[in-house]
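Asker: Before I ask anything, here is the structure I am working with.
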Amino acid sequence: MSIRIDYEKCINCRICYERCPEGLYGLDENGKVFVKYPEECWLCGSCQMDCPVQAIRVRYSVNNKPMFV
Amino acid sequence: MYQVESFQTEVLVIGGGLSGCMAAIKAREQNAEVIVLESGNTYRSGNAGSGVDHLYSYVPPVHEVIGYTKDEMKRDMEKVAMFQFGIGYKEIIDRFVETSFERITSLEKYGIKMRFEDSHLKDGFRLIPQFHSTPTSIHFEGRDIKVKLTEEMKAQGVRIMNHANVVEIMTDDAGGAVGAIAVSTREDKIIVVEAKKTIIATSGGLGRLVQPANATCTGFDKASTPNSGFGVTLAMNAGAEVTNLEFVFNDYGMGFLGYEFCVGAPGGSWWPAGRAVDAEGNVIVERAVDYDINEPDYKEKYIEQIRKYHRQKKEMQDLLRQGKQMYLDLSEATDAEIDYIKWCFAHEGKCWLYLRNLEYDKVDLRSVRIPFVMNKKVSVHGESTGVLVNAKCEATIPDLYAAGNAMGAGGQMVAPGAVVFGWEAGMQAALAAGKMREIPGGSKKQIQHVVSRAENYRKNSDGESWQDMEKALQNIVQNLAMMPFEDKKMDDALTLVRALKNTGFYAADAHEVSRCFEVLSLIETAEAVFEAIKLRKENLGAFRKLGNPDISDHLTYDEDGVMKGTKIYGLYRSESGSLLYNEHIPNGN
Chain A
13 MSIRIDYEKC INCRICYERC PEGLYGLDEN GKVFVKYPEE CWLCGSCQMD CPVQAIRVRY
73 SVNNKPMFV
Chain B
98 MYQVESFQTE VLVIGGGLSG CMAAIKAREQ NAEVIVLESG NTYRSGNAGS GVDHLYSYVP
158 PVHEVIGYTK DEMKRDMEKV AMFQFGIGYK EIIDRFVETS FERITSLEKY GIKMRFEDSH
218 LKDGFRLIPQ FHSTPTSIHF EGRDIKVKLT EEMKAQGVRI MNHANVVEIM TDDAGGAVGA
278 IAVSTREDKI IVVEAKKTII ATSGGLGRLV QPANATCTGF DKASTPNSGF GVTLAMNAGA
338 EVTNLEFVFN DYGMGFLGYE FCVGAPGGSW WPAGRAVDAE GNVIVERAVD YDINEPDYKE
398 KYIEQIRKYH RQKKEMQDLL RQGKQMYLDL SEATDAEIDY IKWCFAHEGK CWLYLRNLEY
458 DKVDLRSVRI PFVMNKKVSV HGESTGVLVN AKCEATIPDL YAAGNAMGAG GQMVAPGAVV
518 FGWEAGMQAA LAAGKMREIP GGSKKQIQHV VSRAENYRKN SDGESWQDME KALQNIVQNL
578 AMMPFEDKKM DDALTLVRAL KNTGFYAADA HEVSRCFEVL SLIETAEAVF EAIKLRKENL
638 GAFRKLGNPD ISDHLTYDED GVMKGTKIYG LYRSESGSLL YNEHIPNGN
């Protein structure tokens, strides 16, 4: 999965849940954010940009990253 | 069961992207009550959601000094807009050039930094070349443009309703727009907004009709929502005309290996140091020179440089088509140039994340070579496709406006067009709303129609998922929409698309209900594109149709290569439900 949340750092402020343009974050039964629809991410990076504690990393997966030689 | 919540306002803005925010702010400044309906969240939604670093404009402090006139810019824009991407109203291009500087630099009021002490131009601007014969694009710090515009909307009292995906525009008996109906992306809820004036400021580009091969996509199997072109179906189903749909499909062209997001390489965001080399190291596309404005013949040098760039880039494409390999190369870039590329990437949409990923992978831009490939996928251009409007952003039915990417017949407007015509639509809608006494009532029949559709999606457990339906549609489009077009091919495509339209969706939750409505809109857009291709009787620019004895092929150009004497076709849904063309004589062309 391309979105990685570091739950040690996450303060559950829900900015990612509120702002993701595709609405792909959800809340679990305890009200904690998680990535509910990972396959709908198109790598805009907004959640990582706006995370106040740098708990989110959006990584390119191997099959769609730019290739260099 | 679905609940219905109703609201009233003077001006309703559908879509809170760059143009929607500008429209809302401008309408509010004219003292109109404003509601914005947004499917995501205005903080980061739309094509400018994670930033935009360049907006082209006529820039008087620079252009007047070097002798680049407004008329020259208008001619430059007509050439690009009308040849490659269909045709448009000259008055829209003229309005853009006349008003762009005031409107684009108005963003500075909202805290967006556009001027820099180290500029070697005038008034602190950094300009880069893009579509025009001399540099016109203001390079600026726009990563958080949507955050700042959202704060401004809130400060001014715009009512923002996030997570509400508009699926229908309501009309009254006289055929005018009276608001819109949205589905919540989070709850089993329908949101109805009745309004005096309605502005469509939704996604424009039609990228989701195919698997992504466009520069705004990333190599995933899914195109982004801002490239879904919802404005087309919203307007068409409300009885308004849409235009230039027959121009959307094209060959893609160049991309990077494994990654289609090449941001204008070897120019564009890689300017000025980016260049293209072949396997032996021969330079095929030279790097650019960032001329100082004080140099003699600044303008002439740029015009010559840009001509050379286009010549060399064409040579590069020819070599790629012959199977030769080519690389983006930055090996001779200076430290300052690499820093400049990184600065611009940090503010240009998904390039911010691209930079982060280069850092994680410890990639040094100067020491890598990035292989170019010729992408064989069908590509979708949507720049001049959309709701047919005049220079006041008025659509062809009463009380409806369109701005930004949803607006058609404006040519290659993209982000600068979103700012300029977002402002225009907001201003015009607010002025007209001020003259109306009452807010008209919405259509109960249409609301009930949306409610039952949403409820059916939830109940229909034998139905298909939105993902499967989107893939099925893309399969039809990718296999039958390649040029050259033929009427028989379009008939087959229409048969298949209509069969798909009659296939039921299933949605497990509110998020999926919203997605189902999106895919239904994509299906209806594809249907409209195929109909438009069938209806068109003239070959023009990129549009070519075979095997039709009725088709005429009369391209007329003036001495500057600008197309003359063509008509504008507006596609609309007739009362019987079939799609028909209206012909318009382009105003001022």
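So the protein lines, in turn, are chains A and B. Heads up: take any position in the first sequence, counting from 1, add 12, and you land on the numbering used here. Heads up: take any position in the second sequence, counting from 1, add 97, and you land on the numbering used here. Cβ atoms here follow ideal geometry from the backbone N, Cα and C, with glycine treated the same way.
Using only CA atoms, which one of B/Ile184, B/Val386 and B/Pro468 lies nearest to B/Thr482?
Answerer: Of the candidates B/Ile184, B/Val386 and B/Pro468, the residue whose Cα lies closest to the Cα of B/Thr482 is B/Ile184.
Asker: Using a Cβ-Cβ cut-off of 8 Å (strictly less than) and excluding sequence neighbours within five positions of B/Ala607, which residues of its own chain qualify?
Answerer: Excluding residues within five positions, the ones whose Cβ falls inside 8 Å are Val280, Ser281, Thr282, Arg283, Glu284, Asp285 and Lys286.
Asker: When the distance is taken between beta carbons, is A/Cys28 closer than 9 Å to A/Ile45?
Answerer: It should be noted that the sequence gives Val, not Ile, for residue 45 of chain A. Taking 9 Å as the Cβ cut-off, A/Val45 and A/Cys28 qualify as a contacting pair.
Asker: Have a look at B/Leu303, B/Met267 and B/Gly361 and flag the residue whose alpha-carbon is nearest the alpha-carbon of B/Val574.
Answerer: B/Leu303
Asker: Kindly list, in the order they appear in chain B, the residues whose Cβ is closer than 7 Å to that of A/Cys63.
Answerer: What A/Cys63 touches in chain B: nothing, since even the nearest Cβ is about 12 Å away.
Asker: Per DSSP, B/Val108 is paired with what?
Answerer: As computed with DSSP, B/Val108 is found in a beta bridge with B/Val131 and B/Lys294.
Asker: Please name the residues in the region 128–153 of chain B whose beta-carbon is closer than 7 Å to at least one beta-carbon of chain A, in chain order.
Answerer: Gly137, Asn138, Tyr140, Arg141, Ser142, Gly146 and Ser147
Asker: Pull the bridge partners of B/Thr202 from the DSSP assignment, please.
Answerer: Residue pairing by DSSP leaves B/Thr202 without any beta bridge partner.
Asker: Excluding the 5 residues flanking B/Gln127 on each side, which residues of the same chain have their C-beta closer than 8 Å to its C-beta?
Answerer: Gly523, Met524, Ala527, Leu528 and Gly531
Asker: Which of helix, strand or coil does DSSP assign to B/Met566?
Answerer: helix
Asker: Quick check on the burial criterion: 16 or more other C-beta atoms within 10 angstroms. Buried or exposed for B/Thr600?
Answerer: Taking all protein chains in view, the Cβ of B/Thr600 is surrounded by fewer than 16 other Cβ atoms within 10 Å, so the residue is classified as exposed.
Asker: Can you list, in chain order, the residues of the region 431–449 of chain B whose Cβ is nearer than 8 Å to any Cβ on chain A?
Answerer: Gly446, Lys447 and Trp449
Asker: Assign B/Thr233 to buried or exposed, taking buried as 16 or more other Cβ atoms, counted over all protein chains shown, within 10 Å of its Cβ.
Answerer: buried
Asker: State the DSSP-derived secondary structure class of B/Phe53, mapped to helix, strand or coil.
Answerer: Outside the displayed range of chain B (98 to 686) lies residue 53 of chain B, so it cannot be described from this structure.
Asker: So, at 6 Å on beta carbons, what are the nonlocal neighbours of B/Thr315 in its own chain, with the 5 sequence-adjacent residues on each side left out?
Answerer: Note that B/Thr315 scores a pLDDT of 49, beneath 50, so its modelled location is shaky; the value from the coordinates is reported in the next line. So the qualifying residues of the chain are Phe358.
Asker: Please list, in chain order, the chain A residues whose beta carbon lies closer than 9 Å to that of B/Leu354.
Answerer: Pro78, Met79, Phe80 and Val81
Asker: Which partner residues of B/Ala499 appear in the DSSP bridge assignment?
Answerer: B/Ile297
Asker: Please name the residue, chosen from B/Gly674, B/Asn679 and B/Ala625, that lies closest to B/Phe344 on a Cα-to-Cα basis.
Answerer: B/Ala625
Asker: What residues match up with B/Ile665 in a beta bridge as DSSP calls it?
Answerer: B/His681
Asker: Quick one: Cα of B/Ile266 to Cα of B/Val486, how far?
Answerer: 16 Å
Asker: Taking the CB atoms as reference points, tell me whether B/Ala274 and B/Ala292 lie closer together than 9 Å.
Answerer: yes
Asker: Could you give the residue range of the alpha helix (DSSP H) that holds B/His432?
Answerer: Residue 432 of chain B is actually Asp in this sequence, not His. Taken as a continuous stretch (DSSP letters only), the alpha helix (DSSP H) holding B/Asp432 covers Asp432 to His444.
Asker: For the beta strand (DSSP E) that contains B/Leu152, what are its first and last residues?
Answerer: Run containing B/Leu152: His151 to Tyr153, per the beta strand (DSSP E) assignment.
Asker: Use the C-beta contact count for B/Gln227: other C-beta atoms within 10 angstroms, 16 or more gives buried, fewer gives exposed.
Answerer: buried
Asker: First and last residue of the beta strand (DSSP E) that includes A/Leu39?
Answerer: Tyr37 to Leu39
Asker: Looking at the structure shown, is B/His260 part of a helix, part of a strand, or coil, going by DSSP?
Answerer: coil
Asker: May I have the straight-line CA-CA distance separating B/Ile111 from B/Ala335, to the nearest angstrom?
Answerer: 14 Å
Asker: For B/Glu238, which three-state DSSP category applies?
Answerer: strand
Asker: Chain B beta carbons: is any one of them nearer than 9 Å to that of A/Glu41?
Answerer: no
Asker: State the DSSP-derived secondary structure class of B/Ile390, mapped to helix, strand or coil.
Answerer: B/Ile390: coil per DSSP, three-state reduction.
Asker: In terms of DSSP beta bridges, what is B/Thr268 paired with?
Answerer: Note: B/Thr268 sits in a beta bridge opposite B/Ala274.
Asker: Cβ of A/Pro33 less than 9 Å from any chain B Cβ?
Answerer: yes
Asker: Starting from B/Leu425 and walking both ways along the beta strand (DSSP E), at which residues does that stretch end?
Answerer: B/Leu425 -> beta strand (DSSP E) spans Met423 to Asp426.
Asker: Is the region 419–432 of chain B close to the region 191–203 of chain B, with three or more CB pairs under 8 Å?
Answerer: no
Asker: Anything in chain A within Cβ reach of B/Ala260, meaning under 8 Å, just list it in chain order.
Answerer: In the sequence under discussion, the amino acid at residue 260 of chain B is His, which differs from the Ala named in the question. Chain A residues near B/His260: Gly35.
Asker: Nearest to B/Ile438 by alpha carbon, out of B/Pro369, B/Ile390 and B/Lys459?
Answerer: B/Pro369
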